[in-house]
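Asker:
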Amino acid sequence: MLIKKRTGIEIPSSQITPEHLYLSRRHFMKGAAAIAAGALLAACRPDPPTTLPPTVAASDETGAAPATAAAISVATDELGRAVNSFESITNYNNYYEFTVDKQRVAELAADFQTSPWRVVVTGMVDKPGIYEIDDLRRKFDQEERIYRLRCVEAWSMVIPWQGFPLAQLLQAAQPQSAAKYVRFQTLYDPEQMPGQKSSRYEWPYTEGLRLDEAMHPLTILATGLYGRDLLPQNGAPVRLVVPWKYGFKSIKSIVQIELTDVMPTSLWMAAAPHEYGFYANVNPEVDHPRWSQASERLIGVGRQETLMFNGYADQVAALYAGMDLRRNF
Ligand SMILES: Nc1nc2c(c(=O)[nH]1)N[C@H]1C(S)=C(S)[C@@H](COP(=O)(O)O)O[C@H]1N2
Ligand SMILES: [Mo]
Numbered sequence: 003m004l005i006k007k008r009t010g011i012e013i014p015s016s017q018i019t020p021e022h023l024y025l026s027r028r029h030f031m032k033g034a035a036a037i038a039a040g041a042l043l044a045a046c047r048p049d050p051p052t053t054l055p056p057t058v059a060a061s062d063e064t065g066a067a068p069a070t071a072a073a074i075s076v077a078t079d080e081l082g083r084a085v086n087s088f089e090s091i092t093n094y095n096n097y098y099e100f101t102v103d104k105q106r107v108a109e110l111a112a113d114f115q116t117s118p119w120r121v122v123v124t125g126m127v128d129k130p131g132i133y134e135i136d137d138l139r140r141k142f143d144q145e146e147r148i149y150r151l152r153c154v155e156a157w158s159m160v161i162p163w164q165g166f167p168l169a170q171l172l173q174a175a176q177p178q179s180a181a182k183y184v185r186f187q188t189l190y191d192p193e194q195m196p197g198q199k200s201s202r203y204e205w206p207y208t209e210g211l212r213l214d215e216a217m218h219p220l221t222i223l224a225t226g227l228y229g230r231d232l233l234p235q236n237g238a239p240v241r242l243v244v245p246w247k248y249g250f251k252s253i254k255s256i257v258q259i260e261l262t263d264v265m266p267t268s269l270w271m272a273a274a275p276h277e278y279g280f281y282a283n284v285n286p287e288v289d290h291p292r293w294s295q296a297s298e299r300l301i302g303v304g305r306q307e308t309l310m311f312n313g314y315a316d317q318v319a320a321l322y323a324g325m326d327l328r329r330n331f
């Protein structure tokens, strides 16, 4: 876990690590031509072997040349895995409200209105509240966290988020002693989010955590990545990030956070209860009914073994002491 404490509301670019600036500038300045050429290169290059050490410069899937070792050595997670490129993180997304095509989310979400935006904190709390997005940035210390994101579909990325621990917001709301769970809800607006017109899922997207999971210091509300505000495709203006759980728990574009004594039913639990449970902890030993979870494709690097709790076992395994992780999947 890499925590760089950030103070203040907006992170001035002078405070962003030179490595990130380097990485982002490298990508922002690359023209479409370079990317297209890279894609060609990528097409005729095999996936690196699974044994590739993560510290080896990881090129992104656009095939762009890897940054120099010196430039990326700091922009890694605590396991030494290089952060994915800004392009990868913002152009390969799951956001079913817009489309199920990961490579078209960015384009279809581009005009999504994320301002003004309010987040309601409600339910079993002594201090319910309505927060403007700027309140969230101002009232809670913004930090940078480099986290692995492991999708249940067996691909993964390393993402440098900005945000703040959800615990800070919950503490401000003062949960009542009967509160046991936190339920999160995405904006419901089928005009802006055409995917919500599909009756296949029970909209709006909802997710849930046990209160102790929600209070865990690794659990954050993210408002940015790579030193910039979130783009719509990544869940602007504010989304959850729970790095030891499958990516679908990290609900995007949140408008409501409710404390409750009932275990919330998530959109995915409702859609396919035998495939998606409440916990959804990353677990290489418990396969998805339709595919193995033993390994994953780290975008830009290649296939590698999946780690228990996505590599955060030291910090979170105690939350599940004595639980049958096969039954509580
Ligand atoms: N509202 C909402 N949140 C969502 C999703 C979604 O479809 N809708 N997809 C989830 C899934 S499956 C993953 S893997 C992550 C992807 O986050 P990213 O696109 O920012 O990498 O968002 C999660 N949060
Ligand atoms: Mo996912």
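Be aware that the sequence shown starts at 3, since it is given in our numbering, and climbs by one per residue.
Where is the CB? At the ideal position from N, CA and C, for every residue including glycine.
All values derive from a computational prediction rather than experimental measurement.
#1: Can you grab the Cα-Cα spacing for the pair Y371 / M126, in whole Å?
#2: Do you know whose CA, among L227, E204 and G249, lies nearest P239's CA?
#3: At a cut-off of 7 Å, is F250 close to ligand 2 when judged by its beta-carbon and the heavy atoms of the ligand?
#4: Under 6 Å Cβ to Cβ from W293, same chain only, skipping five residues before and after it: list those, please.
#5: If you pair each beta-carbon of the region 133-151 with each one of the region 271-282, do three or more pairs fall below 8 Å?
#6: For the beta strand (DSSP E) that contains A224, what are its first and last residues?
#7: Heavy atom of ligand 4 less than 7 Å from the Cβ of V154, yes or no?
#8: Keeping to the same chain, check which residues put their C-beta closer than 6 Å to that of A111; ignore five residues upstream and five downstream.
#9: So what does DSSP say about E298, is it helix, strand or coil?
#10: Pick from F331, V244, Q178 and S252: whose alpha carbon is nearest that of Q317?
#11: Are F186 and I256 touching if we call contact CB-CB under 8 Å?
#12: State yes or no: is the beta carbon of H290 nearer than 8 Å to at least one beta carbon in chain D?
#13: Could you check the C-alpha separation between R2 and P266 for me, to the nearest Å?
#14: At what residues does the beta strand (DSSP E) containing L375 begin and finish?
#15: Could you spell out where the beta strand (DSSP E) holding R147 opens and where it closes?
#16: Smallest Cα separation from T116: which of K254, E287, M271 and A319?
#17: Should G302 be counted as a contact of ligand 1 given a C-beta to heavy atom distance under 7 Å?
Answerer: In short:
#1: Because the chain in this structure spans residues 3 to 331, residue 371 falls outside the shown range and cannot be described.
#2: Ranking the options by Cα distance to P239, first place goes to L227.
#3: yes
#4: Counting only Cβ-Cβ distances below 6 Å, and skipping sequence neighbours, we find nothing.
#5: no
#6: For A224, the uninterrupted beta strand (DSSP E) segment begins and ends at I222 to L227.
#7: In terms of ligand content, the structure shown lacks ligand 4 and carries ligand 1 and ligand 2 instead.
#8: F100, P234 and Q235
#9: strand
#10: V244
#11: Between F186 and I256, the C-beta gap is smaller than 8 Å, which places the two residues in contact.
#12: In the structure shown, chain D cannot be found, because there is only a single protein chain.
#13: In this structure the chain extends from 3 to 331, so residue 2 is not present and cannot be described.
#14: The displayed coordinates of the chain run from 3 to 331. Any statement about residue 375 would go beyond what the structure contains.
#15: E145 to R152
#16: K254
#17: In this structure, the C-beta of G302 stays at least 7 Å away from each heavy atom of ligand 1.
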